[in-house]
Every structure is written in C-alpha cells, then in structure tokens.
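Residue numbers (the UniProt record's numbering): 1 to 314.
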Amino acid sequence: MIRSVIKCIFQIRQPKVLYMINPDPIFYAEMDDLIINQLTQQNAQVQRVNLQDISFTVGNEFKFYINNELIDFDAFLAYGYMNPKHFLDYLYINQAVHASGRITLHKPETEHILYNKLLQYINFSKYKIPFPKIGTAFSINSFKSVIQQFDEEAIMKDVHGYSGIGVHLTHCRNNSVEMYSRALWKQEQQISQVYVDDCPGKSVRVLVIGGKAASVAEFKFSKNFRSVGLSEEASVESLMNSEKKDIYFDLAEKACLAIDDNITIGGVDILDSKRFGLQVLEVNSCPEICDSINATNLPLLEYFGQAFLKKIKI
1 MIRSVIKCIF QIRQPKVLYM INPDPIFYAE MDDLIINQLT QQNAQVQRVN LQDISFTVGN
61 EFKFYINNEL IDFDAFLAYG YMNPKHFLDY LYINQAVHAS GRITLHKPET EHILYNKLLQ
121 YINFSKYKIP FPKIGTAFSI NSFKSVIQQF DEEAIMKDVH GYSGIGVHLT HCRNNSVEMY
181 SRALWKQEQQ ISQVYVDDCP GKSVRVLVIG GKAASVAEFK FSKNFRSVGL SEEASVESLM
241 NSEKKDIYFD LAEKACLAID DNITIGGVDI LDSKRFGLQV LEVNSCPEIC DSINATNLPL
301 LEYFGQAFLK KIKI
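So this is what it looks like as structure tokens:
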C-alpha cells in the first residue's frame, strides 16, 4: 500500500538522487548499498558517485559535474562519518546543493550542529532538554576554574567525536586538566561533563525519522564505561514493548526538534538514570540503522527512504 502511494506521487517523473559513496566506510561498509537499494525500490533514480569525481561552479547559477560532465538531479545524499578532510569536502558540496534549491540529508546549519557536541548542548539548554551538565573553556587557566564545578570523576569529550571515540573518564581534576591541555595543544576543543555513574556502559537509542520517533532499543557495552561505542561491541535489545517507550519517544523527538524542525534522521542516545532521570547524550547525524532493525524487526530503512524522498518536490 505504502509503495503504491509513493509510485503514484512520483508517477510524473522519478526523483533523481545523486548518491555519494562514503569515502571512509569504516563503520558503514554496507549502508551505501542498503540505502541505494531502498531508494530504488521506492521508485527513485539513483546515480552513484565518488567524492573525487564531483565538481561544481558557482556564478549566476549553480552547475554540478561528474567527471567533468554536467548533471541534473533533485537531491544529494551521503551517509556515514568521514575523516575530517572528506567531511569538509562533503560540507562544501552539501552547502552548494542546498543553496541551489535541491534536497540534502540535512540542512547545512543542521550538519554544523550535529557534528559538534558543544553546539548540541547549547541548543538542548535553550530548549530545556535534560542532559548531563557540561563545561568548557578556551585557555588552561579558565578550564582549571571550570573543572572545579565538577566532581573528581568526570567525562572528557572531544566536541567532534563519534561512536565513543574521544570520550574519556577521568578520576581526578588534575587528570582532566592534563587531558584538556593536550587537546588544546592539538588545537582541538574538549568539554567536561558530569559522569552519570549509575548506568555505565549502556544507553537507550531512539531513531527519529522524518521528525518522528520510529524505534527504541537499549545498547549495552560490557567492556568499558562508555554508554555509546562501536555497534559490533554492543548487545542490542528492543524496548518497543517497554512501558517507557512513549517517554523515550517524546524526549527524543524534542531533542531533535531543538536542532531541526524536520530532521530527516537522528539517532538520539539517552541515559536512563535513577539518580539524574532521563538525560540526552547526543543526537547522531548518521546513526547505524541495521542494529535497530535486527532488534525491533521494523522496516527502518524503508521509513528512512520515505522520509528523504518525501522532501523532494517534483
């Protein structure tokens, strides 16, 4: 029924999606094929392209090229985390595509916030989303003052980290200052965060698709304190029958709304703490989808394809 409706919507012309293969498929080796297959099943015309083959010119109009040949398309999509240089290249393309009036996975301003945990927390505070208190500074002396507001045990995070990378548990304030100093020397920004110590190694992941919560599962990481990490290190259990499902859904939707009023997809990580209550850790811009599919048996890739194609106006 759903697919027939989609075909009816796009019966005049197939939407043309330019799909950039992730140049760094470290955590998403199969996602490109899965997403492309899903978009194709939903009647989209998908053209695969590699990052190094894309170019564009900007003057009185935007012109995009693949291998120096002019192309026409309705939407641009790439999925998954990339190394810093590739991600910067992607942001340039994403900005140009969006400015030309075409559809992208996220708006440029949304990408900017999703890529930066500090900016996320600033937005969460503005919109009254609960999260573990954070602190940051821009010099060692200032950070020494900030860290006094935290317990000896604290979390130190890189603002651009993902999959638990760049997250550390410090056991004394001096250790936090040393870690911050090393980050400052590398010209990186870190934040200190309250350590929620009554739920180490686990978190609740809600997938929000098209602005609406679609699934919820619990991820457990037995090897360390981190509540998020690589999916292959986690055991995943569906919480779709949990009595708290609607509460998780509501908080996750509000967290995404604090960043974008119609987010295409966001993976919201939540701590369910007896001491602090529900606390949002972050919203992931390109969440791993297959683990949640395996746990919940929901057609989440289909939902994602629908949400993305719905934004395209033919």
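Idealized CB from N, CA, C, for every residue including glycine.
Handout entry: beta strand (DSSP E) segment containing N284, residue limits
Key = If you number the sequence shown from 1, residue 284 lands on position 284. Counting along the chain, the beta strand (DSSP E) containing N284 begins and ends at G277 to N284.
Problem - Through-space distance from V159 to S227, alpha-carbon basis - result: As a first step, residue 227 is located in the sequence shown; it is residue number 227 there, counting from the start. As a first step, residue 159 is located in the sequence shown; it is residue number 159 there, counting from the start. Its pLDDT being 47, under 50, S227 is placed unreliably by the model, and nothing is read from it.
Practice task
Please classify I26: is it buried, with 16 or more other beta-carbons within 10 angstroms of its beta-carbon, or exposed?
Solution key: Along the sequence shown, read from residue 1 onward, the residue named residue 26 stands at position 26. Classification of I26: exposed, given that the 10 Å Cβ count is below 16.
Exercise for the section: Could you have a look at I312 and say whether DSSP puts it in helix, strand or coil? Expected result: Within the sequence shown, numbered from 1, the residue matching residue 312 stands at position 312. Of the three classes helix, strand and coil, the one that applies to I312 here is coil, per DSSP.
Handout entry: T296 vs S215 beta-carbon contact at 9 Å
Key = Mapped onto the sequence shown, residue 296 falls at position 296. Mapped onto the sequence shown, residue 215 falls at position 215. In contact: T296 and S215 (Cβ atoms closer than 9 Å).
Practice task
Would you kindly check if the distance between the Cβ of Q38 and the Cβ of L301 is under 9 Å?
Solution key: Taking the sequence shown and counting its residues from 1, one reaches residue 301 at position 301. Taking the sequence shown and counting its residues from 1, one reaches residue 38 at position 38. Yes, these two residues count as a Cβ contact at 9 Å.
Practice task
Could you check how far apart the C-beta atoms of V283 and G267 are, in whole angstroms? I think they sit under 8 Å.
Solution key: Counting from one through the sequence shown, the residue named residue 283 turns up at place 283. Counting from one through the sequence shown, the residue named residue 267 turns up at place 267. Confirmed, about 7 Å.
Handout entry: 8 Å CB neighbourhood of I247 in its chain, flanking five on each side removed
Key = Start at 1 with the first residue of the sequence shown, and residue 247 comes out as number 247. Only L278 meet the Cβ criterion.
Exercise for the section: Below 8 Å CB to CB, which residues in the same chain sit around G101 once its five sequence neighbours on both sides are set aside? Expected result: For the purposes of this step, residue 101 is identified with residue 101 of the sequence shown, where counting begins at 1. Counting only Cβ-Cβ distances below 8 Å, and skipping sequence neighbours, we find nothing.
Practice task
State the DSSP-derived secondary structure class of E111, mapped to helix, strand or coil.
Solution key: For the purposes of this step, residue 111 is taken as the residue at position 111 of the sequence shown. Helix.
Problem - Outcome for C256 when other beta-carbon atoms lying within 10 angstroms are tallied against a minimum of 16 - result: Translated into positions along the sequence shown, residue 256 becomes position 256. Its Cβ being crowded by 16 or more others within 10 Å, C256 is buried.
Exercise for the section: Could you tell me which residues DSSP pairs with K202 in its beta bridges? Expected result: Position 202 of the sequence shown, counted from the start, is the residue given in the question as residue 202. DSSP lists K220 as partners of K202.
Practice task
Use the C-beta contact count for Q306: other C-beta atoms within 10 angstroms, 16 or more gives buried, fewer gives exposed.
Solution key: As a working mapping, residue 306 is identified with position 306 in the sequence shown. Burial call: buried.
Problem - Three-state secondary structure assigned by DSSP to H86 - result: Taking the sequence shown and counting its residues from 1, the one referred to as residue 86 is at position 86. Helix, per DSSP.
Problem - As assigned by DSSP and simplified to three states, the class of S227 - result: As a working note, residue 227 is residue 227 in the sequence shown. Because S227 sits at a pLDDT of 47, beneath the cut-off of 50, its placement in the model cannot be relied upon, and the following sentence gives the value as read from the coordinates. S227: coil per DSSP, three-state reduction.
Practice task
Give me whichever residues DSSP pairs with Y162 in a beta bridge.
Solution key: Along the sequence shown, one-based indexing puts residue 162 at 162. According to DSSP, which records beta bridges pairwise, Y162 is partnered with nothing at all.
Exercise for the section: Just the C-alpha distance for E153 and Y195, rounded to the nearest angstrom, thanks. Expected result: Translated into the one-based positions of the sequence shown, residue 153 becomes position 153. Translated into the one-based positions of the sequence shown, residue 195 becomes position 195. Roughly 7 Å separates the two Cα atoms.
Practice task
Apply the 10 Å Cβ neighbour rule to R205 and answer buried if 16 or more other Cβ atoms are within range, or exposed otherwise.
Solution key: Against the sequence shown, residue 205 aligns to sequence position 205. Answer is buried; the Cβ neighbour count reaches 16.
Practice task
Return the first residue and the last residue of the beta strand (DSSP E) that S238 is part of.
Solution key: As a first step, residue 238 is located in the sequence shown; it is residue number 238 there, counting from the start. Unbroken beta strand (DSSP E) run through S238: A234 to S238.
Practice task
Could you name each continuous alpha helix (DSSP H) segment of 4 residues or more that falls completely within the stretch 6-73, going from the start of the chain to the end?
Solution key: 31-41
Practice task
State the DSSP-derived secondary structure class of K254, mapped to helix, strand or coil.
Solution key: Here residue 254 is taken as the residue at index 254 of the sequence shown, counted from 1. In the structure shown, K254 sits in a helix (DSSP, three-state: H, G or I).
Problem - Cα-Cα separation between S273 and Q193, rounded to whole angstroms - result: In the sequence shown, the residue the question calls residue 273 occupies position 273. In the sequence shown, the residue the question calls residue 193 occupies position 193. Each residue's alpha carbon lies about 15 Å from the other.
Practice task
Determine the contact status of D291 and A213, defining contact as a CB-CB distance below 9 Å.
Solution key: Looking up residue 291 in the sequence shown gives position 291. Looking up residue 213 in the sequence shown gives position 213. In this structure, A213 does not lie closer than 9 Å to D291 by Cβ.
Problem - Option nearest V97 by Cα separation, candidates L77, D33, I113 and I209 - result: Locating residue 97 in the sequence shown gives position 97, counting from the first residue. For the residues L77, D33, I113 and I209, the minimum Cα distance to V97 belongs to L77.
Exercise for the section: Inspect the beta-carbon positions of I147 and G135 and report whether they are closer than 9 Å. Expected result: Residue numbering aside, residue 147 sits at position 147 when the sequence shown is read from its first letter. Residue numbering aside, residue 135 sits at position 135 when the sequence shown is read from its first letter. Pairing I147 with G135 gives a Cβ-Cβ distance under 9 Å.
Handout entry: Close Cβ partners of N22 (< 7 Å) along its chain, the five nearest in sequence each way excluded
Key = Counted from its first residue, the sequence shown places residue 22 at position 22. Hits under 7 Å: Y28, D32, A78, Y79, G80 and M82.
Handout entry: DSSP state of K128 mapped onto helix, strand, coil
Key = Here residue 128 is taken as the residue at index 128 of the sequence shown, counted from 1. Annotated three-state conformation of K128 is coil, per DSSP.
Exercise for the section: Ignore the nearest five residues each way along the sequence and tell me which others in I259's own chain have a CB closer than 8 Å to its CB. Expected result: Mapped onto the sequence shown, residue 259 falls at position 259. Residues T110, I113, L114, Q120, N123, G266 and V283 of the same chain have their beta carbon placed closer than 8 Å to that of I259, with the five preceding and five following residues left out of the count.
Practice task
Note the first and the last residue of the continuous alpha helix (DSSP H) segment covering S100.
Solution key: Your numbering for residue 100 matches position 100 in the sequence shown. Counting along the chain, S100 falls outside any alpha helix (DSSP H), and DSSP gives it neither H nor E.
Practice task
Please report the residue range of the beta strand (DSSP E) in which T170 lies.
Solution key: Mapped onto the sequence shown, residue 170 falls at position 170. Per DSSP, the continuous beta strand (DSSP E) segment holding T170 begins and ends at V167 to T170.
Handout entry: Check whether T104 and N94 have beta carbons under 9 Å apart
Key = In the sequence shown, residue 104 corresponds to position 104, counting from 1. In the sequence shown, residue 94 corresponds to position 94, counting from 1. Closer than 9 Å, so yes.
Problem - Other residues of its chain near K179: CB distance less than 8 Å, five sequence neighbours each side excluded - result: Locating residue 179 in the sequence shown gives position 179, where the first residue counts as 1. The question names Lys, but residue 179 in the sequence shown is Met. The answer, listed in chain order, is M156, H168, T170 and Q190.
Exercise for the section: Closer than 7 Å by C-beta to K144: which residues in its own chain qualify, once you throw out the five before and the five after it? Chain order, please. Expected result: Along the sequence shown, one-based indexing puts residue 144 at 144. Hits under 7 Å: V177.
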